Amino acid sequence: MSTRKRLSFNVKLNTTGDTITIHISDPSNLQADNLALATWGSSEVLANTLHRLPTPDFAGTGAIAGLGSVLELGAGTGLVGLSAAAIWRVWVTLTDLEPILPNIKANIELNRAVIRGYGGSAACGMLDWARPDLLTFFVPEHESQLTADASGEWKPWKFRVVLAADTVYSEEHPELLTKAVTARLERSPKARFIMCYPLRIGYLDHIRDLWERLELAGLGCMQEGRESLHEEWDEDTPYEWCVWRWRGDI
């Protein structure tokens, strides 16, 4: 389920009860994969779970403007990535398909000042999971500039953390998502892939397929949990989140 009535979300920053309000511009006129763009339940669940997870070790990711820190796949309205920027105080790159980027850019601008106040920042980029080797960044002029080739593409860049929320809702997604994760997740013991999805009956086969593909790719789940949304969402579907890392010695 999604919401367009509530366009601001209070996200927990830490276990002591501090919160940040993330503002989302109304994306109801945009569509991707024939779905109206909105903030889905998995995004709110994951955004409010990040503060409870062990903070990733970002040491050594500070290369070009910090863009080696965190990548969000299928960012949609950007709630998860913007929350991560404030909670972890890092630079997050929010990616999606080209039709979605104007709304992501708008939401970055809406929240830039408050996120910067917590020591984080955000940029966005176009990433097609079928071609995850090609990632085009869009860095605002007033932020630190990313040095890329003439096309604006930064092909080899790897990220310490990859985030994904509600990105598995068709039979093609497990293969594509695994391809994108393995292409962009840093090959390091410190690297983490963190995702969240609804446990709806129609999606369970896709989730099983995704787990199998991630395991075959060399990743293993190290932590998982289940959450429910608050009454405002008016649904009983449980949500599962999980944290993955590369298995064995890297």
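Each residue of the sequence shown is one higher than the one before, counting from 7 in my numbering.
Glycine included, each C-beta is placed from N, C-alpha and C at the ideal position.
In this text, all values refer to a predicted model and were calculated from it rather than measured experimentally.
Does DSSP put residue i in a helix, a strand or coil?
i, result
"W94", "helix"
"T243", "coil"
"A112", "helix"
"T21", "coil"
"R232", "strand"
"R206", "coil"
"R219", "helix"
"G226", "strand"
"L56", "helix"
"A170", "strand"
"L191", "strand"
"L183", "helix"
"L140", "coil"
Just grab the DSSP bridge partners of residue i for me.
i, result
"G123", "In the DSSP output, where bridge partners are listed per residue, G123 has none listed."
"N16", "T27"
"D102", "M132"
Using the C-alpha atoms, what's the distance from residue j back to residue i?
i, j, result
"G224", "A170", "18 Å"
"A186", "P138", "5 Å"
"W250", "P108", "30 Å"
"Y245", "L140", "31 Å"
"W46", "L220", "23 Å"
"H29", "G82", "14 Å"
"M201", "L235", "16 Å"
"A129", "V167", "15 Å"
"G66", "E78", "19 Å"
Taking contact to mean 3 or more Cβ pairs, one atom from each stretch, closer than 8 Å, check whether the region 160-178 and the region 105-113 are in contact.
no
Would the region 174-183 count as touching the region 85-93 if we require 3 or more Cβ pairs under 8 Å?
no
Per the contact definition of three or more C-beta pairs closer than 8 Å, is the region 48-55 in contact with the region 17-28?
yes
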